[in-house]
Amino acid sequence: MHAIEKLLAKKAGKTSVKTGEIINCEIDMAGINDLYLQTIRSFFEMGGTKVYDPSKVIMFLDHYAPASTITQATNQKQFREFCWDQGIDLLMDIDQGVCHQVLADKGLAYPGEIVVITDSHTTTHGAFGAFGTGVGATDLAIILATGKLWFRVPEIIKINFEGKLHKGVYAKDAILHAIGTLGADYAVYKAVEFGGSMLEQLSISERMALCNMSTEMGAKASYIQPDAITMAFLEERVTRAYEIYHTDADFHYADEVSFDVSALKPQLAAPSSVDNVYDVSQFIGRHIDQAYLGSCTGGRAEDIGIAAHILHGKKVASRTRFVIVPASKGVLLEAMEKGYVKTLIEAGATFVTPGCAACLGTHEGMIASGETCITTTNRNFPGRMGDTKAEIFLGSPAAVAAAALMGEIVDPTLYM
Amino acid sequence: MQKLLSGNAFVFGKNVDTDQIYPGRFVEFTDVEDVAKYAMFGADPAFTCKVKKGDFIVAGTNFGCGSSREHAAITIKAVGVGAIIAESFARIFYRNAINLGIPLIVCPNISQLIQTGDSLSLDLHSGEIRLEKSLIATAEPMSEYVLNILESGGIKPLIKQQLATGNRA
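So this is what it looks like as structure tokens:
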């Protein structure tokens, strides 16, 4: 069996599972974010009265943090009251940041865990050897009511990245290249394990970016086998006991593909789909109205550090805005301690409070018709960050910061 | 659950994402009547004026990719779409729609066989899709698990029953 299958079997109280089987699993951590008041409504519509285990529920006020309309404020008020009424202590209010980063910061993402959040990018937690998956409001309400959720045991694909990334080329480039080659629906219903020698080079921050973006090829979950890098990260944060699973040597993947990243150039996903991916050289000179660095994909301290390196002692281009949204309070504090915030504000960047901000097209950095934005986020669908006639390019933190500096798309490796 | 459905088709392409089905700036709305105003708004802002109860959405691969927002399924159900027929569905959207009791039909090449405005009928049990009464395709069968949810009128009545009997499995 695969490590993921062993993990799922354990949580379903079984000794083995097979692909396609429908199983009912105990959920270790169920997260709700402030977009989905429907979760609470569905809970009561199903006859729920008391949450099955409040200690396994976490509420994130991250997408509308802080509220910018009365409706958002009213929704958040109802979430807070639900937590207080139900004894849910893990209320991550508007000061905390994006759900996935908050879980990582607080040591609540760990190997062998099943984490389910009402957020499609819950695949991020594969970076810790967890089974993370996104669901809708009513599925999450089922967990609130019963502590469990049904899953179809997925086929498992392995994607290997071999070789060493050049300076100025990142995990984001590698995964964009893979999505561009394989397509946005390549892994629908399937789990993706990432392997290959490139991983030895990747920090937890970059591994999170990799696993986060597996959602954009349709993956149900992603997985990186925990190693020394994982353990070093977890030792500082995770206080509870956990189990690391290993894949049997005779396991057969549903598909296995390999990419050599040694010669990989910086990549961009061009408007308006995530699999519309090219070398950055295709778009050199394209004017940028807004550069955006943030989100659960590319808003970590390392990402902000790359931008600070590129903009140190320099200025953001005069007809370009540079919006930076730290993924969490922990990220913001680290960026402050390391001097990144000062460097970037002096360079002309605008900092937004930790959270999802304009990534989902509701507030704090929306773009107008005819504008072009380059962003470290995960989606460039029409209208994703504002007007449907705006254009969005997805790239690495270096590609975004270098574009902010020059006011146009450039090859970021020249600015490292 | 009604076995035979009939209505007109609205055909969309591949990778129709949840921002096209229900744009992010409307996600703060929580009442069904508000959510219903924006069905398919990002792909066709006039969709809610044209669609009639029982009509079909037909699409290429990966329908519903993107966000986990249940609004995408809620809005399609609220305007009375009888079923969505696509070449494949994104996973979270699939679960959301089935949970709400919307039949989702997987049928290869369907977006090439049908045009917007075509009059279709669909047999949910046999998967047979007819255009002006001629059989044009047979969809993949739904799993027993999914059929059970649909026939129960969505997942909420099933969980309600489960909670009432104190059974967690």
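Just so you know, the protein sequences line up as chains A and B, in that order.
Residue numbers for the first sequence follow the numbering used here, beginning at 1 and rising by one.
Residue numbers for the second sequence follow the numbering used here, beginning at 1001 and rising by one.
Backbone N, C-alpha and C define an ideal beta-carbon position, used for all residues, glycine too.
Just curious, the beta strand (DSSP E) that residue i is in, first and last residue?
i, result
"A/Gly294", "Gln290 to Gly294"
"A/Phe161", "Ile156 to Glu162"
"B/Met1001", "Unbroken run through B/Met1001: none, as it is neither H nor E."
"A/Ala269", "Gln267 to Ala269"
"A/Ile32", "Met29 to Asn33"
"A/Ile58", "Val57 to Phe60"
"B/Leu1163", "Element bounds for B/Leu1163: not the beta strand (DSSP E) but the alpha helix (DSSP H), Ile1155 to Thr1165."
"B/Leu1131", "Glu1128 to Leu1131"
"B/Asp1123", "Ser1119 to Asp1123"
Quick one: is residue i buried, meaning 16 or more other Cβ sit within 10 Å of its Cβ, or exposed?
i, result
"B/Pro1045", "exposed"
"B/Asp1017", "buried"
"A/Glu346", "exposed"
"A/Ser120", "buried"
"A/Leu414", "exposed"
"A/Glu236", "exposed"
"B/Ile1098", "buried"
"A/Tyr340", "buried"
"A/Ser458", "Missing from the structure shown is residue 458 of chain A; chain A here goes from 1 to 416 and no further."
"A/Thr123", "buried"
"A/Cys25", "buried"
"A/Thr478", "No information on residue 478 of chain A is available, as it lies outside the stretch 1 to 416 that chain A covers here."
"A/Arg321", "buried"
"B/Tyr1145", "exposed"
"A/Glu364", "buried"
"A/Ser42", "buried"
"A/Glu5", "buried"
"A/Asn75", "buried"
"B/Phe1047", "buried"
"A/Phe251", "exposed"
"A/Gly132", "buried"
By DSSP's criteria, residue i is part of a beta bridge. Which residues make up the other side?
i, result
"A/Tyr223", "A/Glu193"
"B/Leu1104", "B/Ile1084"
"B/Asp1031", "DSSP output for B/Asp1031 lists no bridge partner at all."
"A/His287", "A/Glu408"
"A/Asn24", "A/Trp150"
"A/Ile175", "A/Ile175 is not bridged to any residue."
"B/Phe1089", "B/Phe1063"
The alpha helix (DSSP H) with residue i in it runs from where to where?
i, result
"A/Thr39", "Gln38 to Glu45"
"A/Gly305", "Ala301 to Leu311"
"B/Thr1138", "Per DSSP, B/Thr1138 belongs to no alpha helix (DSSP H); it is in the beta strand (DSSP E), Ser1134 to Thr1138."
"B/Ile1149", "Glu1144 to Glu1151"
"B/Glu1111", "It should be pointed out that residue 1111 of chain B corresponds to Ser in this sequence rather than to Glu. Run containing B/Ser1111: Ile1110 to Leu1113, per the alpha helix (DSSP H) assignment."
"A/Asp279", "First-last for A/Asp279: Val277 to Asp279, but that is the beta strand (DSSP E), not the alpha helix (DSSP H)."
"A/Leu8", "Ala3 to Lys11"
List, in order along the chain, the chain C residues whose C-beta lies closer than 8 Å to that of residue i?
i, result
"B/Gln1020", "Of the chains in the structure shown, none is chain C; the protein chains are A and B."
Would you say residue i touches the ligand PLP, meaning its beta carbon is less than 7 Å from a heavy atom?
i, result
"A/Ser214", "Ligands displayed in this structure: none; no statement on the ligand PLP is therefore possible."
### Message
So, does the region 110-117 of chain A touch the region 25-32 of chain A, judging by three or more C-beta pairs under 8 Å?
### Response
Yes, the region 110-117 of chain A touches the region 25-32 of chain A.
### Query
Can you give, in chain order, each stretch of the alpha helix (DSSP H) that sits fully within the region 198-263 of chain A and has at least 4 residues?
Runs of the alpha helix (DSSP H) spanning 4 or more residues and lying entirely within the region 198-263 of chain A occur at 204-213 and 228-235, in chain order.
### Query
What are the complete beta strand (DSSP E) segments, minimum 3 residues, inside the region 314-402 of chain A?
Complete beta strand (DSSP E) runs here, min 3: 321-325, 372-375 and 391-394.
### Segments assigned beta strand (DSSP E), at least 3 residues, entirely inside the region 1008-1074 of chain B
List check, beta strand (DSSP E) in window: 1056-1059.
### Query
Of all the beta strand (DSSP E) runs that stay within the bounds of the region 73-145 of chain A, which reach a length of 3 or more residues?
DSSP runs (the beta strand (DSSP E)) wholly in the region 73-145 of chain A: 90-92, 114-117 and 131-134.
### Query
How do the region 1137-1144 of chain B and the region 1158-1168 of chain B stand: do at least 3 beta-carbon pairs fall below 8 Å, yes or no?
The region 1137-1144 of chain B makes no contact with the region 1158-1168 of chain B; the number of CB pairs closer than 8 Å stays below 3.
### Message
Quick test of the definition: if touching needs 3 or more C-beta pairs under 8 Å, does the region 252-266 of chain A touch the region 161-170 of chain A?
### Response
By the criterion of at least three beta-carbon pairs nearer than 8 Å, the region 252-266 of chain A is in contact with the region 161-170 of chain A.
### Message
If contact is defined by three or more beta carbon pairs under 8 Å, each pair taking one atom from either stretch, is the region 124-133 of chain A in contact with the region 207-215 of chain A?
### Response
Flag = yes, the region 207-215 of chain A and the region 124-133 of chain A touch.
### Query
Does the region 396-412 of chain A come within contact of the region 303-322 of chain A, defined as at least 3 CB pairs closer than 8 Å?
With the cut-off at 8 Å, the region 396-412 of chain A and the region 303-322 of chain A touch.
### Message
Measuring CB atoms only, is the region 345-361 of chain A touching the region 385-397 of chain A, in the sense that at least three cross pairs come out at less than 8 Å?
### Response
Yes: at least three Cβ pairs fall under 8 Å.
### Query
Counting Cβ pairs, one atom from each stretch, are 3 or more of them under 8 Å apart for the region 1004-1020 of chain B and the region 368-376 of chain A?
The region 1004-1020 of chain B makes no contact with the region 368-376 of chain A: fewer than 3 CB pairs, one atom from each, lie closer than 8 Å.
### Task
Spell out a yes or no on whether the region 83-99 of chain A and the region 57-69 of chain A are touching, meaning 3 or more CB-CB pairs, one atom from each, closer than 8 Å.
Result yes; three or more Cβ-Cβ pairs closer than 8 Å.
### Query
If we count Cβ pairs, one from each stretch, closer than 8 Å, do we get three or more for the region 1077-1087 of chain B versus the region 148-159 of chain A?
As far as the Cβ criterion goes, the region 1077-1087 of chain B does not touch the region 148-159 of chain A, which means the pair count is below three.
### Task
State whether the region 96-113 of chain A contacts the region 226-246 of chain A, with contact taken as three or more CB pairs (one from each stretch) at a distance under 8 Å.
Note that the region 96-113 of chain A touches the region 226-246 of chain A; at least 3 beta-carbon pairs, one per stretch, sit closer than 8 Å.
### Task
Please confirm if the region 220-235 of chain A is in contact with the region 138-145 of chain A, defined as three or more CB-CB distances below 8 Å between the two stretches.
No, the region 220-235 of chain A does not touch the region 138-145 of chain A.
### Task
Tell me, please, whether the region 9-22 of chain A touches the region 39-49 of chain A by the rule of three or more beta-carbon pairs shorter than 8 Å.
The region 9-22 of chain A is not in contact with the region 39-49 of chain A.
### Message
I want to know whether the region 171-189 of chain A touches the region 74-83 of chain A - three or more CB-CB distances under 8 Å.
### Response
Taking 8 Å as the limit for Cβ pairs, the verdict is that the region 74-83 of chain A does not touch the region 171-189 of chain A.
### Query
Three or more C-beta pairs closer than 8 Å, one from the region 280-290 of chain A and one from the region 302-312 of chain A: is that the case here?
Contact fails: fewer than three Cβ-Cβ distances are below 8 Å.
### Query
Do the region 188-203 of chain A and the region 218-232 of chain A meet, that is, are 3 or more Cβ pairs less than 8 Å apart?
As far as the Cβ criterion goes, the region 188-203 of chain A touches the region 218-232 of chain A, which means the pair count is three or higher.
### Task
Count the CB pairs spanning the region 1053-1065 of chain B and the region 1111-1122 of chain B that are closer than 8 Å, and state whether there are at least three.
Touching, yes, given that three or more Cβ pairs across the two stretches are closer than 8 Å.
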